[in-house]
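According to the UniProt record's numbering, the sequence shown is numbered sequentially starting from 1. Beta carbons: idealized from backbone N, C-alpha and C, even for Gly. Since the structure is predicted, the reported quantities are computational estimates derived from the model, not experimental observations. A short worksheet on the structure shown next.
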Amino acid sequence: NSKRTSRRDRIGKFAKHIMNKIVCTITALLSLASCAGTYNIQGTSNVSDLDGQMLYLKVSKDGNLTNLDSCDVVHGQFSFSGKVDSAHVARIFMDDKDLALPVVIEQGNISIKLDNTQQKISGTPLNDKLNKFWNRFVQIRNQYADIDHEQSAAIMDGQDETAVNIRLAKKAIKVFEQGDKLFTNFVTDNFDNILGP
1 NSKRTSRRDR IGKFAKHIMN KIVCTITALL SLASCAGTYN IQGTSNVSDL
51 DGQMLYLKVS KDGNLTNLDS CDVVHGQFSF SGKVDSAHVA RIFMDDKDLA
101 LPVVIEQGNI SIKLDNTQQK ISGTPLNDKL NKFWNRFVQI RNQYADIDHE
151 QSAAIMDGQD ETAVNIRLAK KAIKVFEQGD KLFTNFVTDN FDNILGP
């Protein structure tokens, strides 16, 4: 009889131990699932015009812009958060002014840094890809601006306009080819995600 009781106690303890493990596993899975579909954007800015302003995170749906979230910029800090079921591209607005800042809304923690000379978005795979592309695009855009400035300076220095235009056209073609390659590679590399065509 005592053997039955001790065996029953051991089976009971074992069953209780297994149930505790199952409950812990389910609790862990539920907590993972609850944060699996969320994004959190933390932003900083030293652009004085933004401080005290309301920012809006907007996506385009059926040709109309829809607010996902909004926040105030306080002491150069701002944040957006929410749930996400699939990745999509959003833009940040100050009132109705588009800040020309695309951000991929995808699961994870996203960091945005805005200053007078650059914009940086990072923290999630697609935002890292977009940021790398954007930085290279800005470099190419600046090369075009340098060519334009070089043309104006050469003509003001009295150089022959035709010779200057021929020389700078060769430079512009090289820059165009770099831009074309950048865009082609970006579309090809992202054909299977929201950054593609």
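With burial defined as no fewer than 16 other Cβ atoms inside 10 Å of the residue's Cβ, what is the status of residue i: buried or exposed?
i	result
residue 106	buried
residue 152	exposed
residue 37	exposed
residue 119	buried
residue 41	buried
residue 112	buried
residue 131	buried
Closer than 8 Å by C-beta to residue i: which residues in its own chain qualify, once you throw out the five before and the five after it? Chain order, please.
i	result
residue 144	172 and 175
residue 53	72, 73, 94 and 95
According to DSSP, which residues form a beta bridge with residue i?
i	result
residue 54	72
residue 88	105
residue 98	93
So, for residue i: in the same chain, excluding its five sequence neighbours on each side, which residues have a beta-carbon less than 6 Å away from its beta-carbon?
i	result
residue 103	90 and 121
residue 69	57, 80 and 82
residue 45	76 and 114
residue 63	none
If you follow the beta strand (DSSP E) that residue i is in, where does it begin and where does it stop?
i	result
residue 124	First-last for residue 124: undefined, no H or E at that position.
residue 196	That residue, residue 196, is in no beta strand (DSSP E); it is neither H nor E in DSSP.
With respect to the alpha helix (DSSP H) encompassing residue i, which residues constitute its N-terminal and C-terminal limits?
i	result
residue 42	No alpha helix (DSSP H) holds residue 42; the beta strand (DSSP E) holding it covers 38–45.
residue 183	161–189
Excluding the five sequence neighbours on either side, which residues of its own chain have a C-beta within less than 7 Å of the C-beta of residue i, listed in chain order?
i	result
residue 88	59, 105 and 194
Can you determine whether any heavy atom of the ligand ADP sits closer than 8 Å to the C-beta of residue i, and answer yes or no?
i	result
residue 113	Within the structure as shown, the ligand ADP is missing, as the structure has no ligands at all.
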